[in-house]
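Input: a single structure, listed below in structure tokens.
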Amino acid sequence: MKLRYIIAGILFVIPLVYYLPLPLYNRVNPELGGLSFFYWYQIVGLLVTTVTMVLGALLLRG
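Under our numbering, the first residue of the sequence shown carries the number 330, and numbering increases by one thereafter.
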């Protein structure tokens, strides 16, 4: 396999691993900016997923 396919695969798996510890972050406190930690974790997750998917797609595009 080419190295870029391996790196793209790792980039596609990162969001899955990011969302696995659901029971650990499903809580109300602490808060940041008036929003609970749960919502901040989801917002950061969207950004992480977007960045990793774009980078993976660019790697596969060649």
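Don't be surprised by glycine CBs; every beta carbon is placed ideally from N, CA and C.
Bear in mind the structure is a predicted one, so any value in this text is a computation, not a measurement.
By the criterion of a C-beta distance shorter than 6 Å, Leu-389 is surrounded in its chain by Ala-337, once the five residues flanking it on both sides are discounted. In this structure, the beta-carbon distance from Ile-343 to Thr-381 falls below 8 Å. A straight line joining the alpha-carbon of Gly-362 with that of Ile-372 spans about 13 Å. Leaving aside the five residues that flank Leu-340 on each side, the residues in its chain whose CB is nearer than 6 Å to its CB run, in chain order, Thr-381, Leu-384 and Gly-385.
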